[in-house]
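Chemist: My structure is below; once you've seen it, I'll send some questions.
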Amino acid sequence: MRREALRQRAGMSADADALEAFVSLFFKHVRLSPDSVIAAYWPMEREFDVGPVIEEIIERKIILCLPVVEKGSKILKFAAWSGEQTLVRGAFGVMHPPVDAGVNWVDPDVLIVPLLAFDRRGYRLGYGGGYYDATLAGLRARKTVQAVGAGYAQQACLFNLPTDDHDERMDMIITPQQVYTY
């Protein structure tokens with residue numbers, strides 16, 4: 309199923325109007341406060357391009373962070389990023405701020421999550437490593453976190469995806485055309 313979802317996603321893209329629509333839907337529907345911390349991802353391998361959302365987050369002076377994969381851990385850590393530092397390539401090719409003695413580790417209030425597919429219950433198909441599921445479970449045990457899947461409308465499944473006990477449901481999934489809430 310993952311292989312097929314990856315194959316299909318390879319043919320998907322969003323034009324400037326679709327990306328603008330996504331940004332508008334994101335800021336209209338995601339609950340934010342003045343001190344919110346938003347975790348986004350730097351898109352790779354044809355993941356939905358959340359770059360315009362990242363730009364808007366920075367422009368609005370909202371705290372932004374990007375995930376860092378640490379060797380030997382399934383729990384993602386989040387490094388604050390102002391948009392000024394050059395990103396570096398980490399494990400699995402994930403782009404993140406430089407991790408040095410001055411890194412500002414933060415816990416997000418909103419977590420934007422990439423996906424390969426999603427179902428009508430709010431579950432997503434990811435790459436199979438369980439990183440976002442483990443991270444969400446850990447964050448949700450400590451605080452309220454909004455999990456927001458970002459994708460294309462064509463990634464919606466008409467059937468329920470198979471799930472395990474460790475799978476975490478999204479609170480909403482946003483495509484350029486629609487917001488699904490769960």
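According to my numbering, the sequence shown is numbered sequentially starting from 309. Here a beta-carbon is modelled for each residue, glycine too, at the ideal position from N, C-alpha and C. Just so we're clear, the structure is a prediction, and the values are computed from it rather than from any experiment.
Taking just the CA atoms, how far does Thr471 sit from Arg477?
Modeler: Distance between the alpha carbons of Arg477 and Thr471 is about 10 Å.
Chemist: Might you give, ordered along the chain, the residues of its own chain that have their beta carbon closer than 7 Å to the beta carbon of Lys382, omitting 5 neighbours on each side?
Modeler: The answer, listed in chain order, is Gly438, Tyr439, Ala442.
Chemist: Measure the CB-CB distance between Lys385 and Trp413 and report whether it falls below 7 Å.
Modeler: Closer than 7 Å, so yes.
Chemist: Name the one or two DSSP bridge partners that Gln454 has.
Modeler: Gln454 pairs with Val418.
Chemist: Would you decide whether Asp343 is buried or exposed? Buried here means 16 or more other CB atoms lie within 10 Å of its CB.
Modeler: Label assigned to Asp343: exposed.
Chemist: Any idea which residues DSSP pairs Ala329 with across the strands?
Modeler: Beta-bridge pairing links Ala329 to no other residue.
Chemist: Quick check on the burial criterion: 16 or more other C-beta atoms within 10 angstroms. Buried or exposed for Pro375?
Modeler: Pro375 comes out buried.
Chemist: Taking the straight line between their C-alpha atoms, what separation do you get for Arg448 and Ala324?
Modeler: Distance between the alpha carbons of Arg448 and Ala324 is about 34 Å.
Chemist: Which stretch, first to last residue, makes up the beta strand (DSSP E) that contains Pro375?
Modeler: 371-376 is the extent of the beta strand (DSSP E) around Pro375.
Chemist: Can you tell me which residues form a DSSP beta bridge with Ile481?
Modeler: Partner(s): Gly457, Tyr488.
Chemist: If you drop the 5 nearest sequence neighbours on each side, which residues of the same chain put their C-beta closer than 8 Å to that of Ala322?
Modeler: If we look at Ala322 and ignore the five residues flanking it on each side, its Cβ neighbours are Phe330, Phe356, Asp357, Tyr460, Pro484.
Chemist: Just curious, the beta strand (DSSP E) that Ile346 is in, first and last residue?
Modeler: Per DSSP, Ile346 belongs to the beta strand (DSSP E) from 345-347.
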